[in-house]
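Participant: Please see the structure below; I have some questions.
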Amino acid sequence: MSSPPTRQFIHYPPAVATDQPFSAPPPGTNPVVRGLLLRYGASLITSVGAIQQFLYNSNGFSRLQEVKGLDAVECRFDPTVIPAAQDASATVETGTYTRPSEFGAVEADAGAGRYYSVLDFHKAYTEGRFTPTDVAEALLPLIRRDVEEPTSHSVAWMDTKVELVRKAAEEATKRYQAGTPIGILDGVPVAVKDEVDLKGYTRCLGTKDDHTHPLDATSYCVTKWEEEGAVVVGKLSMHEIGLDTTNNNPNHGTPHNPHNPDFYTGGSSGGSAYAVGAGLIPIALGADGGGSIRIPSSFCGIYGLKTSHSRVSIRPTASLAISNSVAGPMAANMVDLEVAYRVMAIPDPSHSLSSTFLPPARPHDPPRKLLGIYKPWFDRAEPAVRDVCQAALNHMTSQQGYSLVDISIPFLVEGGQAHAITILSEIASGFPSARATNLTPANRVLLAVAGRARAQDLLAAQRVRNALMQHLAHLYRAHPGLIIVTPTTPLAGWAIGDGDLSDGVSDGDRSIRNMEYVWLANFTGCPALSMPVGYVAPGTGQGDIPVGLMGMGEWGAEEELIRWGFDGEGWLREGWEGGRQRAGAWVDVVGLAEEKGERS
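With the first letter of the sequence shown counted as 1, position 295 gets the number 295 in the UniProt record's numbering; the numbers rise by one all the way through.
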C-alpha cells in the first residue's frame, strides 16, 4: 500500500501509476545547418508553409493526439504544486537567512580546485583585508563591455552600470566599517541573467531589440538579494530569447566555456554559468524553461537549482515560457547556492502563487536518502558521462548511506515532444511575426515551426503533462523523500562548430538530445539540482569538460535537494581523483581585491 504524503499540498496531482515499457527516442531527422546556409535557409523556411509543416510533423508534434492511455486524463496547464502544511503568511526579516552563525560550520571546497564562496568574502570584509569597494574595482575592468579594450570575460556580460555598482559597494563597505553588516551576503558580487528586470538597465532577452529606456523596477527575487546587501555587478548574456541550449548569440557575442574555450557554456543561462565558472562571482541568477540553469551549470562545473514552479517570484518581469520557466540560483559552491536560494525564495506577498508557499526552512527530519533510477533512461547518456555519474552514485550508496530504488517513468518520448511544443508555443506568443523578423535565423525557424501548432496538439500535450505528474505523484507517495537521479545532460559538452559564432547554428537533434533529462522537471513543475561530479577528456581543445549529475525532487523539496547537493560536494572533494578542477579561465578575484586593499 502506498504511503501518504509527508506533508499537505495544494494542487497535488492524483497518484496514478502508468505502466509503459521503455522506448528510446527515434533517430532524429533534423538537418544541421550553420553559417550562410542557415541564413538563407531561414528565409526559405519562414516563407514556405509546407516546409514548416513538414518540420512540425517530423518532430512528432502532430502525433500527440494519438498517444494511447490519455483518453480519461484531463488537461493540466499549470504544474504548480504548493506545500502548505502551515501558515504561509509568515514574514521573513532581512538577515534571517544570512547570519554568519547559520553557515559558519559549512566548509566550501578544499584543495587546489577551491572556488571562493560567500563565506570567504564575508570573512575578508569582517577582518578588514579588503572591502566590497575593492572587489568592485577589481571586477569592473574585467567585465565591462563599454571600454576600448574589453577582456575575454566581458562577453559574458550584457551591461554593467558602473555608478550603480560603485554605489552599492560603497554602501556595503560603510556597513562593514561600522560593524553592522546585514549578513554574509552583504557586499558579495552577484549578477543576473538578462531575462529578468533590473532597475536602471534594459531587458532585451539577448536580442537586437533597441531598448533605450531603462527599467524602473527590479524583479522581486533580485530585490531580495539586494536587501541582503548583495552588489549586483550587471546583467549577463543569454541565448537569444532562451531558445536553445548552447548560449550561441551572434547578436552580442558568445562566451566560451571557461574550462575549454573550444566548447559552449551551455544555455540559455550561459553568461551566468561563465561568470560563476570563471570565478568572477560566487552567485548568479539563471532562468530555466528547458534546462537553461542546469545544462550550463553542468557544462561549466558549477551548481544550479531549478526551483519548483511558482516558488520564486520574478514579478514584474513577464515570463516568456509561462508554464515551464522558473528563476533559480547558480553558484560556485553549495553554501552559496543555499544562501542564494533561501533569500530569493522568500514568498512574494504580491504574487498570487509565490505568496502561498512557505518561507524556506531547513527540514528537521533526517533525510531518507532514497535515489530513484530508471536504468534504461539513465544508460542513454554517452559512456564517459554515464561512467562519471555512476562513480558518484557508487560513492553515495557505499559511503554516504543512500539506497537506490528502481523506478520507471512513462511517456518519455511523448513528454519531450509535449514539452517542446508547449514551450515553443508559449515563447512564440510573445514574438509575433513582425517582431520575430529581428531574431537570429535559427530562432526564426523555430518560431515559424511553432506557428504550425494546432489547438488539439497543445491540448494533447497538457494531457501528457498531467499523466506524467500523476505518475510522479505515485512515485513520491510510494517512496517519500525520493530523488530521481540522471546525468544532467547525456552529452560531454558541446563543441563550437566552424561558422557558429557569426551566424548561429541550428542542430535540432543535438538540442533535443542535450535536453533528454532536464525537460521533465520543467514540464511537471518539480525542483531539480545539477551538481558537478567529475570531468571527461575533451575531443578537441585544451581543458577537461565537467560532468553534472541531476536530482529531481518532489514539488517543494528544494531543501532535500540542497542536502543531497552537499553530499555530492563531498564526493567531488574527497572521492573524485584529483578533486575539483578550477576552470582554465578562473580569475583570483579575492587576490586582486587584496592587492587593492593593501594599496588603499
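No residue lacks a Cβ here, since even glycine has one placed at the ideal position from N, Cα and C.
Since the structure is predicted, the reported quantities are computational estimates derived from the model, not experimental observations.
Among Glu382, Asp503, Leu412 and Gln417, which has the Cα closest to the Cα of leucine 468?
Facilitator: As a first step, residue 468 must be located in the sequence shown, where it is residue number 468. It is Leu412 whose Cα lies nearest to the Cα of leucine 468.
Participant: Quick check: is the beta carbon of glutamate 137 nearer than 9 Å to any beta carbon in chain B?
Facilitator: No chain B is part of this structure, which consists of one protein chain only.
Participant: To the nearest angstrom, how far is it from the Cα of proline 258 to the Cα of glycine 266?
Facilitator: What you label residue 258 is simply residue 258 of the sequence shown in a count that begins at 1. What you label residue 266 is simply residue 266 of the sequence shown in a count that begins at 1. Roughly 11 Å between the two C-alpha positions.
Participant: According to DSSP, simplified to helix, strand and coil, what is methionine 344?
Facilitator: The residue labelled residue 344 in the question sits at position 344 within the sequence shown. Reduced to three states, the DSSP call for methionine 344 is helix.
Participant: Mapping the DSSP letters down to three states, classify histidine 122 as helix, strand or coil.
Facilitator: Here residue 122 corresponds to residue number 122 of the sequence shown, with the count starting at 1. Residue state, collapsed to three classes: helix.
Participant: So the alpha helix (DSSP H) proline 296 belongs to, where does it begin and stop?
Facilitator: In the sequence shown, the residue the question calls residue 296 occupies position 296. Counting along the chain, the alpha helix (DSSP H) containing proline 296 begins and ends at 294-300.
Participant: Between Asn438, Gly499 and Glu559, which has its C-alpha nearest serine 43's C-alpha?
Facilitator: The residue given as residue 43 occupies position 43 in the sequence shown. Measuring from the Cα of serine 43, the nearest candidate turns out to be Asn438.
Participant: In angstroms, rounded to a whole number, what distance separates the CA positions of glutamate 137 and glutamate 170?
Facilitator: What you label residue 137 is simply residue 137 of the sequence shown in a count that begins at 1. What you label residue 170 is simply residue 170 of the sequence shown in a count that begins at 1. If you take the alpha carbons of glutamate 137 and glutamate 170, they lie about 11 Å apart.
Participant: Could you give the C-beta distance for glycine 304 and serine 530, rounded to a whole number, given that I count them as a contact under 8 Å?
Facilitator: Within the sequence shown, the letter at position 304 stands for residue 304. Within the sequence shown, the letter at position 530 stands for residue 530. Correct: roughly 5 Å between the Cβ atoms.
Participant: Enumerated in chain order, which unbroken segments of the alpha helix (DSSP H) with a length of 4 residues or greater are wholly contained in the segment 477-535?
Facilitator: You should have 500-503, 508-514 and 519-524.
Participant: Who pairs with histidine 256 in a beta bridge, going by DSSP?
Facilitator: One-based indexing of the sequence shown puts residue 256 at position 256. Histidine 256 is bridged to Tyr264.
Participant: Mind listing, in chain order, the continuous beta strand (DSSP E) runs of no fewer than 3 residues lying wholly within the segment 131-200?
Facilitator: Segments of the beta strand (DSSP E) lying fully in the segment 131-200: 157-159 and 189-193.
Participant: So, leucine 64 versus isoleucine 427, is the Cβ gap smaller than 9 Å?
Facilitator: Counting from 1 along the sequence shown, the entry for residue 64 is found at position 64. Counting from 1 along the sequence shown, the entry for residue 427 is found at position 427. Cβ distance not < 9 Å, so leucine 64 and isoleucine 427 don't count as in contact.
Participant: Quick one: using the 10 Å Cβ neighbour count with 16 as the cut-off for buried, is valine 147 buried or exposed?
Facilitator: In the sequence shown, the residue the question calls residue 147 occupies position 147. Answer is exposed; the Cβ neighbour count stays below 16.
Participant: Can you give me the Cβ contacts of glycine 49 inside the same chain, cut-off strictly under 8 Å, excluding the 5 residues immediately before and after it?
Facilitator: Against the sequence shown, residue 49 aligns to sequence position 49. Same-chain partners within the cutoff: Arg452.
Participant: Assuming aspartate 544 is part of the beta strand (DSSP E), what are its boundary residues?
Facilitator: Position 544 of the sequence shown, counted from the start, is the residue given in the question as residue 544. Careful: aspartate 544 lies outside any beta strand (DSSP E) and carries neither H nor E.
Participant: Is it buried or exposed, histidine 479, if we count other Cβ atoms within 10 angstroms and call 16 or more buried?
Facilitator: Taking the first residue of the sequence shown as position 1, residue 479 is located at position 479. So histidine 479 counts as buried.
Participant: Does valine 32 come out as helix, strand or coil in the three-state DSSP assignment?
Facilitator: Counted from its first residue, the sequence shown places residue 32 at position 32. Valine 32 falls in the strand class under three-state DSSP.
Participant: I need the DSSP call for isoleucine 314, collapsed to helix, strand or coil.
Facilitator: Taking the first residue of the sequence shown as position 1, residue 314 is located at position 314. Three-state result, isoleucine 314: coil.
Participant: Along the chain, where does the alpha helix (DSSP H) that runs through alanine 442 open and close?
Facilitator: Walking along the sequence shown from the start, residue 442 turns up at place 442. Run containing alanine 442: 441-450, per the alpha helix (DSSP H) assignment.
Participant: Output yes or no for whether 9 Å exceeds the beta carbon distance between serine 323 and aspartate 348.
Facilitator: As a first step, residue 323 is located in the sequence shown; it is residue number 323 there, counting from the start. As a first step, residue 348 is located in the sequence shown; it is residue number 348 there, counting from the start. It is not a contact, given that the beta carbons lie outside the stated cut-off.
Participant: Once you ignore the five residues that flank valine 92 on each side, which residues in its own chain have a CB closer than 6 Å to its CB?
Facilitator: Sequence index remark: in the sequence shown, residue 92 carries index 92 (1-based). Excluding sequence neighbours, valine 92 sits near Ile346 and Pro359.
Participant: Please classify lysine 235: does DSSP put it in a helix, a strand, or coil?
Facilitator: Within the sequence shown, numbered from 1, the residue matching residue 235 stands at position 235. Strand, per DSSP.
Participant: Answer yes or no: do alanine 461 and alanine 418 have a C-beta to C-beta separation smaller than 9 Å?
Facilitator: Walking along the sequence shown from the start, residue 461 turns up at place 461. Walking along the sequence shown from the start, residue 418 turns up at place 418. Result yes, Cβ atoms of alanine 461 and alanine 418 sit closer than 9 Å.
Participant: Taking the alpha-carbon positions, what's the alanine 583 to tyrosine 116 distance?
Facilitator: Locating residue 583 in the sequence shown gives position 583, where the first residue counts as 1. Locating residue 116 in the sequence shown gives position 116, where the first residue counts as 1. Going by the C-alpha atoms only, they are around 13 Å apart.
Participant: In the DSSP output, what is proline 26 paired with across the bridge?
Facilitator: The count along the sequence shown starts at 1 and reaches residue 26 at position 26. Bridge partners of proline 26: none, in fact.
Participant: Rounded to whole angstroms, what's the CA-CA distance from leucine 520 to glycine 416? Just pull it up for me.
Facilitator: Working through the sequence shown from its first residue, we reach residue 520 at position 520. Working through the sequence shown from its first residue, we reach residue 416 at position 416. Taking the straight line from one Cα to the other gives about 7 Å.
Participant: Taking the alpha-carbon positions, what's the glycine 286 to phenylalanine 566 distance?
Facilitator: For the purposes of this step, residue 286 is identified with residue 286 of the sequence shown, where counting begins at 1. For the purposes of this step, residue 566 is identified with residue 566 of the sequence shown, where counting begins at 1. Each residue's alpha carbon lies about 20 Å from the other.
Participant: Rank Ala178, Asn443 and Gly525 by C-alpha distance to the C-alpha of alanine 473 and give the top, closest one.
Facilitator: Start at 1 with the first residue of the sequence shown, and residue 473 comes out as number 473. Closest option to alanine 473, Cα to Cα, is Gly525.
Participant: Would you kindly check if the distance between the Cβ of glycine 229 and the Cβ of glycine 183 is under 9 Å?
Facilitator: Position 183 of the sequence shown holds residue 183. Position 229 of the sequence shown holds residue 229. Yes, Cβ-Cβ distance for glycine 183 and glycine 229 is below 9 Å.
Participant: According to DSSP, which residues form a beta bridge with methionine 334?
Facilitator: Here the question's residue 334 lines up with position 334 in the sequence shown. The partner list for methionine 334 (beta bridge, DSSP) is empty, contrary to what the question assumes.
Participant: In the DSSP output, which residue or residues are listed as bridge partners for methionine 552?
Facilitator: Indexing the sequence shown from 1 puts residue 552 at position 552. Methionine 552 pairs with Ile484 and Ala528.
Participant: Suppose contacts are defined by Cβ-Cβ distances below 9 Å. Is aspartate 290 in contact with isoleucine 241 by that definition?
Facilitator: Mapped onto the sequence shown, residue 290 falls at position 290. Mapped onto the sequence shown, residue 241 falls at position 241. Residue 290 is actually glycine in this sequence, not aspartate. Not closer than 9 Å, so no.
Participant: Quick check: what's the CA-CA separation for valine 81 versus isoleucine 409?
Facilitator: As a first step, residue 81 is located in the sequence shown; it is residue number 81 there, counting from the start. As a first step, residue 409 is located in the sequence shown; it is residue number 409 there, counting from the start. Approximately 19 Å, taken between the alpha carbons.
Participant: Would you please state the rounded distance, in angstroms, between the beta carbons of isoleucine 484 and glycine 372? I believe it to be under 8 Å.
Facilitator: As a first step, residue 484 is located in the sequence shown; it is residue number 484 there, counting from the start. As a first step, residue 372 is located in the sequence shown; it is residue number 372 there, counting from the start. Contact holds; Cβ gap of about 4 Å.
Participant: Expressed to the nearest angstrom, what Euclidean distance is found between the alpha-carbon atoms of alanine 436 and alanine 442?
Facilitator: Position 436 of the sequence shown, counted from the start, is the residue given in the question as residue 436. Position 442 of the sequence shown, counted from the start, is the residue given in the question as residue 442. The straight-line gap from Cα to Cα measures roughly 11 Å.
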